[in-house]
Amino acid sequence: MKIGEASELSGLPTKTIRYYEDIGLVRSDRRDNGYRDYGEAEIHKLRFIQRSRGLGFTVEQCRTLLSLYNDPDRSSADVRALAENHLEEIERKIQELAGMRSTLSQLVSSCHGDHRPDCPILNDLAGSG
237 MKIGEASELS
247 GLPTKTIRYY
257 EDIGLVRSDR
267 RDNGYRDYGE
277 AEIHKLRFIQ
287 RSRGLGFTVE
297 QCRTLLSLYN
307 DPDRSSADVR
317 ALAENHLEEI
327 ERKIQELAGM
337 RSTLSQLVSS
347 CHGDHRPDCP
357 ILNDLAGSG
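The sequence shown begins at 237 in the numbering used here and counts up one residue at a time.
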């Protein structure tokens, strides 16, 4: 099938599919006319990548996950370790975001939001708050 149909079936934009092909994450056959030709295996792989990316895995982590998925001798411990590391990273980011939210919330509540030029938000950003 052509890339447009692969896009429709996988839920990924054609530009993303081309990018994944360019970086070797997926591959397609080429027809005589030069068009990409995708089969069911490639669609499955694209859906796998889309789901993985939706969970926040990086492209390189997706490459590793695909490699593990395709390895019948894999150890589920390897998959779990990768997922646990990713989960720890997500938890770290959540903590960072919570801290940013708290700080920004305090700044917003300290700003009168009126016509005066004094602004605690700008003062804090400038390091003079």
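Every residue gets a Cβ at the ideal spot worked out from N, C-alpha and C, and that includes glycine. Please read all numbers here as calculations on a predicted model, not as lab measurements.
Residue(s) in a DSSP beta bridge with residue i
i: D265; result: D273
Range covered by the alpha helix (DSSP H) that runs through residue i
i: L343; result: S312 to S346
i: A242; result: I239 to S246
i: C298; result: V295 to N306
i: D353; result: What sits at residue 353 in the sequence shown is Pro, not Asp. Taken as a continuous stretch (DSSP letters only), P353 belongs to no alpha helix (DSSP H), as it is neither H nor E.
i: D258; result: T250 to D258
Closest Cα partner of residue i within the set the options
i: Y271; options: L343, C347, E325 and R254; result: R254
i: T252; options: Q286, D265, N321 and D273; result: Q286
i: N269; options: K238, H348, P353 and D258; result: K238
i: G363; options: G335, L343, A334 and H348; result: L343
i: A317; options: Q297, I330 and G260; result: Q297
i: L340; options: N321, P353, E327 and L361; result: L361
Cβ-Cβ separation, residue j to residue i (assumed contact under 8 Å), whole Å
i: D314; j: L304; result: 6 Å
i: Y274; j: A242; result: 4 Å
i: S264; j: E278; result: 6 Å
i: L301; j: S312; result: Incorrect: roughly 12 Å between the Cβ atoms, too far for contact.
i: R299; j: L261; result: 6 Å
i: G292; j: I326; result: 6 Å
Review point. Quick one: any contact between the stretch 270 to 283 and the stretch 244 to 261, if contact means 3 or more CB pairs under 8 Å?
Key: Short answer: they touch.
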